[in-house]
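Numbering (our numbering), first residue to last: 33 to 441.
No residue lacks a Cβ here, since even glycine has one placed at the ideal position from N, Cα and C.
Remarks on the structure that follows.
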């Protein structure tokens with residue numbers, strides 16, 4: 033086995049050397065007369081050559097400067113804000129607004145419909161058809177993690193209070209009502225941000241509210257559902273929150289006592305469990321709604337829209353773009369300890385608010401809205417990082433030049 037392993041290693045090394053020799057031969061035949069960059073080399077060939085030359089350059093260095101090409105924008109990137117605009121921003125903004133309106137419409141219509149259908153309503157009511165009532169009855173006993181507990185608590189409360197309340201499916205009513213309540217809170221947050229942005233005289237608060245509206249609330253509304261609760265119960269988020277909460281609870285315990293620390297830990301664990309249980313139940317409820325929309329010969333346009341938004345909601349359980357943006361902010365503002373201190377969080381918030389203000393004053397109002405709705409981590413990287421072009425070009429030229437030592441190899 034050892035001989036076979038050594039032979040396989042030699043074959044791999046010979047193959048890599050052959051690829052490198054081929055790349056060098058291609059370099060020798062396609063380089064400019066001045067010994068500069070190649071004209072027709074493929075991307076992978078250039079990468080292979082550059083990798084070999086970079087290894088030769090840095091392998092013997094005690095402290096290699098890999099980031100000599102990059103530099104942070106000392107002005108926060110505000111000087112390059114005017115470069116953010118392109119016509120495709122309009123397309124992205126229209127798609128974002130359209131997805132938000134579609135998501136809100138499907139949630140309100142479906143949840144209110146099933147919430148009314150799950151209640152005890154006479155058949156003479158014009159709001160609920162026999163088909164709706166029969167479908168709710170057919171799924172009223174379908175499995176949910178909190179189903180039996182919710183049904184039991186509802187019937188116990190109904191008997192104890194003496195209220196003659198009859199609901200076909202308390203578990204369905206709970207999920208529908210919970211999603212509508214969370215949606216109302218999020219919409220109220222959006223309107224609150226709009227009102228503060230338009231009415232307050234405090235400049236910091238005005239642009240902070242505008243930043244919250246465009247970069248937090250509207251992206252959440254685009255793919256919001258009760259399934260979003262699963263985001264707070266995913267392993268990566270739980271682990272990240274756990275490390276942050278450990279430091280927070282330790283500080284609170286030293287300041288307020290041991291009992292406060294225990295209470296905070298109980299709240300943390302119960303909160304994560306509640307998000308997990310209710311998020312899974314919301315997912316099961318949404319799956320049954322989507323199944324009813326597609327389990328027919330002729331699907332209507334609203335049923336197709338509901339299924340499409342269900343897919344968007346599932347993909348939006350973990351807000352990947354917001355998570356990546358948060359990690360980038362932590363990398364830039366959090367320092368080497370990767371812990372966001374109060375002054376670092378304040379610096380990030382002020383930078384974001386001032387960036388929103390600069391974008392608004394740089395472009396027209398419709399262009400500003402389009403840029404703010406489509407701003408992503410690529411734009412952030414473009415603003416914050418600067419490339420030293422003279423170092424970059426000289427580096428590439430030196431690494432790709434076929435010098436005498438290379439030809440002798």
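Cβ neighbour criterion (16 or more within 10 Å) applied to residue 286: Residue numbering aside, residue 286 sits at position 254 when the chain shown is read from its first letter. Exposed: under 16 other Cβ atoms inside 10 Å.
Residue burial classification, residue 396 (beta-carbon count within 10 angstroms, cutoff 16): Along the chain shown, one-based indexing puts residue 396 at 364. Residue 396 should be labelled exposed.
Buried versus exposed, by CB contacts within 10 Å (16 or more), residue 120: Numbered from 1 along the chain shown, position 88 holds the residue referred to as residue 120. It is exposed - the Cβ of residue 120 has fewer than 16 other Cβ atoms within 10 Å.
Residues of its chain near residue 66, where Cβ-Cβ distance is below 8 Å and the 5 sequence neighbours each way are ignored: Sequence index remark: in the chain shown, residue 66 carries index 34 (1-based). Any reading at residue 66 needs caution, since the residue's pLDDT is 45, under 50, leaving its predicted position unreliable; the model's value is listed next. If we look at residue 66 and ignore the five residues flanking it on each side, it has no Cβ neighbours.
Residue burial classification, residue 318 (beta-carbon count within 10 angstroms, cutoff 16): Taking the chain shown and counting its residues from 1, one reaches residue 318 at position 286. Counting other Cβ atoms within 10 Å of its Cβ, residue 318 reaches 16 or more and is therefore classed as buried.
Closest Cα partner of residue 143 within the set 321, 380, 351: In the chain shown, the residue the question calls residue 143 occupies position 111. Closest by alpha carbon: 321.
Cut-off 8 Å between Cβ atoms - residues of its own chain near residue 356, not counting five sequence neighbours on either side: Looking up residue 356 in the chain shown gives position 324. Around residue 356: 409.
CB-CB length for residue 414 against residue 84, believed under 8 Å: Working through the chain shown from its first residue, we reach residue 414 at position 382. Working through the chain shown from its first residue, we reach residue 84 at position 52. Actually they are not in contact, since the Cβ atoms of residue 414 and residue 84 sit about 30 Å apart, beyond 8 Å.
Sequence-distant residues of its chain with Cβ nearer than 8 Å to residue 108 (five each side left out): Residue numbering aside, residue 108 sits at position 76 when the chain shown is read from its first letter. Hits under 8 Å: 383, 386, 387, 415, 416.
Distance between residue 343 and residue 277 (C-alpha atoms, nearest Å): Residue mapping note: residue 277 aligns to position 245 of the chain shown, counting from 1. Residue mapping note: residue 343 aligns to position 311 of the chain shown, counting from 1. If you draw a straight line from the Cα of residue 277 to the Cα of residue 343, it comes to about 32 Å.
Nearest-angstrom Cα separation, counted from residue 257 out to residue 300: As a working note, residue 300 is residue 268 in the chain shown. As a working note, residue 257 is residue 225 in the chain shown. Those two C-alpha atoms are separated by around 22 Å.
Residue 229 versus residue 222: straight-line alpha-carbon distance, rounded: Reading the chain shown from its first residue, position 197 is the one you call residue 229. Reading the chain shown from its first residue, position 190 is the one you call residue 222. Going from the Cα of residue 229 to the Cα of residue 222 covers about 11 Å.
8 Å contact criterion, which residue 135 and residue 255 should meet: CB distance rounded: Numbered from 1 along the chain shown, position 103 holds the residue referred to as residue 135. Numbered from 1 along the chain shown, position 223 holds the residue referred to as residue 255. Residue 135 to residue 255, Cβ: 7 Å. Contact.
Straight-line gap, residue 461 to residue 335 (C-alpha atoms, nearest Å): Coverage of the chain is limited to positions 33 through 441, which leaves residue 461 absent and any answer about it impossible.
Under the three-state DSSP convention, the category residue 376 falls into: Residue mapping note: residue 376 aligns to position 344 of the chain shown, counting from 1. In the three-state reduction of the DSSP assignment, residue 376 falls in the helix class, which pools H, G and I.
Bounding residues of the alpha helix (DSSP H) (the contiguous stretch that carries residue 417): Taking the chain shown and counting its residues from 1, the one referred to as residue 417 is at position 385. Segment 417 to 419 is the beta strand (DSSP E) holding residue 417; no alpha helix (DSSP H) there.
Coarse secondary structure for residue 110, derived from DSSP in three states: For the purposes of this step, residue 110 is taken as the residue at position 78 of the chain shown. Correct three-state label for residue 110: helix.
Nearest residue (CA-CA) to residue 350, options 206, 265, 78: Within the chain shown, numbered from 1, the residue matching residue 350 stands at position 318. Nearest of 206, 265, 78 to residue 350, Cα basis: 265.
Cβ-heavy atom distance, residue 333 to the ligand MN, below 7 Å: Questions concerning the ligand MN fall outside what the structure shown contains, since it holds no ligand whatsoever.
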